[in-house]
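Trainee:
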């Protein structure tokens with residue numbers, strides 16, 4: 076796990092006290108940052124399928140942030156990016172000495188985590204194809220159905236690879252990568268400087 080970027084400033088406020096006595100100000104704000112997960116498939120089926128894979132989050136991510144929940148979803152066959160909002164709040168008092176300018180800065184520290192995954196996807200069922208006439212406003216001609224495993228056995232005979240047909244179940248090995256960026260900590264930093 077690596078810090079990228081180390082700190083993001085989400086709010087800043089400056090209090091200037093030109094008087095001869097100390098002042099007290101309220102520093103209250105709520106800001107939202109975005110948790111981003113990007114997932115892709117490097118090996119497996121990708122063409123013509125709506126994949127919709129659910130990946131459990133690595134412990135290194137799930138244990139640190141509430142932004143993603145416990146899983147991320149991959150809905151297409153190439154690359155998916157999911158964004159979740161995470162709200163940070165602060166409510167504190169800032170004391171500003173006489174003839175001083177005080178700046179309060181709310182910062183959020185972010186982490187980035189990259190991982191790879193491997194899984195098996197099993198598919199079983201009947202494929203139903205509707206044949207229509209494009210020249211006649213997509214009018215219905217006929218429907219054809221077949222066992223998906225039989226279709227894939229025929230594809231294997233033609234040289235298709237990357238899957239196994241056993242009984243009536245097709246199994247694909249899926250591999251890919253996940254990248255996460257998320258906030259893990261907020262802090263308030265105060266800086267004082269005398270007014271000339």
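Numbering (the working numbering), first residue to last: 76 to 271. For every residue, glycine included, the Cβ atom is placed at its ideal position computed from N, Cα and C.
1) Enumerate in chain order the residues of its own chain whose CB-to-CB distance from residue 94 is below 7 angstroms, with the five nearest sequence positions on each side excluded.
2) Is the beta carbon of residue 97 closer than 8 angstroms to that of residue 171?
3) Taking only runs that begin and end inside the stretch 215-251, name each unbroken beta strand (DSSP E) of 3 or more residues, in chain order.
4) Quick one: what's got a C-beta closer than 6 angstroms to residue 85's C-beta in the same chain, skipping five residues either side?
5) Is the Cβ-Cβ distance between residue 206 and residue 223 less than 8 angstroms?
6) Taking the alpha-carbon positions, what's the residue 266 to residue 137 distance?
7) So residue 99 is in the beta strand (DSSP E); what residue range does that whole segment cover?
8) By Cβ distance, which residues of its chain are closer than 6 angstroms to residue 115, with the 5 residues on each side in sequence left out?
9) Report the residue from 189, 230, 178, 249 whose alpha carbon sits nearest the alpha carbon of residue 269.
10) What are the boundary residues of the beta strand (DSSP E) that includes residue 185?
11) Below 8 angstroms on the Cβ atoms is my contact criterion, and I expect residue 131 with residue 248 to pass it. Report the Cβ-Cβ distance as a whole number of Å.
12) Tell me which residues share the same chain as residue 264 and place their Cβ nearer than 7 angstroms to its Cβ, disregarding the 5 neighbours each side in the sequence.
13) What span of residues does the alpha helix (DSSP H) with residue 135 cover, start to end?
14) Pop quiz: residue 111 and residue 158 are said to be a contact at Cβ under 8 angstroms. What is the actual Cβ separation, rounded to whole angstroms?
15) Need the endpoints of the beta strand (DSSP E) that residue 212 sits in, please.
16) Give me the DSSP bridge partner(s) of residue 127.
17) Tell whether a beta-carbon distance below 8 angstroms holds between residue 240 and residue 218.
Mentor: Let's see:
1) 173
2) yes
3) If we require 3 residues or more, the beta strand (DSSP E) runs fully inside the stretch 215-251 come out as 238-241.
4) 106, 181, 183
5) no
6) 34 angstroms
7) 98-118
8) 154, 251, 252
9) 178
10) Here the beta strand (DSSP E) through residue 185 covers 175-198.
11) No, residue 131 and residue 248 are not in contact; Cβ-Cβ is about 18 angstroms, not under 8 angstroms.
12) 180, 182
13) 134-137
14) That pair is a contact at about 5 angstroms.
15) Run containing residue 212: none; DSSP gives neither H nor E here.
16) Note: residue 127 sits in no beta bridge, so no partner.
17) no
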